[in-house]
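Engineer: With the sequence shown counted from 1, adding 6 to any position gets you my numbering.
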Amino acid sequence: ALTALLCGGHGLLIGLPGLGKTRLVETLSTVMGLHGNRVQFTPDLMPADILGSEVLDTAPDGSRAFRFIEGPIFCQLLMA
7 ALTALLCGGH GLLIGLPGLG KTRLVETLST VMGLHGNRVQ FTPDLMPADI
57 LGSEVLDTAP DGSRAFRFIE GPIFCQLLMA
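As structure tokens, then:
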């Protein structure tokens, strides 16, 4: 995992539950000062849940504008 991170590549951790895969990635994120997120894939997951969505904001003066709220994929280290 560390080699993939330092080389700028991708890593795939496979193993049974309870082996510390998530803890390893969280620790690497903390130690290296990276912004990390986690996505739990479920049957009801929508693209907007990963990518983000636009919301309509109303300012105090009454004007309206769309604002993009980034999803969890906008990070430096993604656990999926």
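Think of the CB as a built atom: it goes at the ideal place given N, C-alpha and C, for glycine as much as any other residue.
Just so it is clear, the structure is predicted and the values come from calculations on it, not from any experiment.
What does the Cβ neighbour count give for S35, buried or exposed, with the cut at 16 atoms within 10 Å?
Structural biologist: Label assigned to S35: buried.
Engineer: Who are the Cβ neighbours of F72 in its own chain at under 8 Å, not counting the five residues just before and after it?
Structural biologist: E60, V61, L62, D63.
Engineer: Would you be able to state if there are at least three C-beta pairs under 8 Å between the region 69-84 and the region 39-47?
Structural biologist: Yes: at least three Cβ pairs fall under 8 Å.
Engineer: So what does DSSP say about I20, is it helix, strand or coil?
Structural biologist: In the structure shown, I20 sits in coil (DSSP, three-state: anything other than H, G, I, E or B).
Engineer: Tell me, please, which residues DSSP counts as bridged to R29.
Structural biologist: The partner list for R29 (beta bridge, DSSP) is empty, contrary to what the question assumes.
Engineer: With respect to the alpha helix (DSSP H) encompassing I56, which residues constitute its N-terminal and C-terminal limits?
Structural biologist: That run of the alpha helix (DSSP H) goes 53-57.
Engineer: Could you spell out where the alpha helix (DSSP H) holding A7 opens and where it closes?
Structural biologist: A7 -> no alpha helix (DSSP H), and no H or E assigned at all.
Engineer: Kindly indicate which three-state DSSP category V37 falls into: helix, strand or coil?
Structural biologist: Reduced to three states, the DSSP call for V37 is helix.
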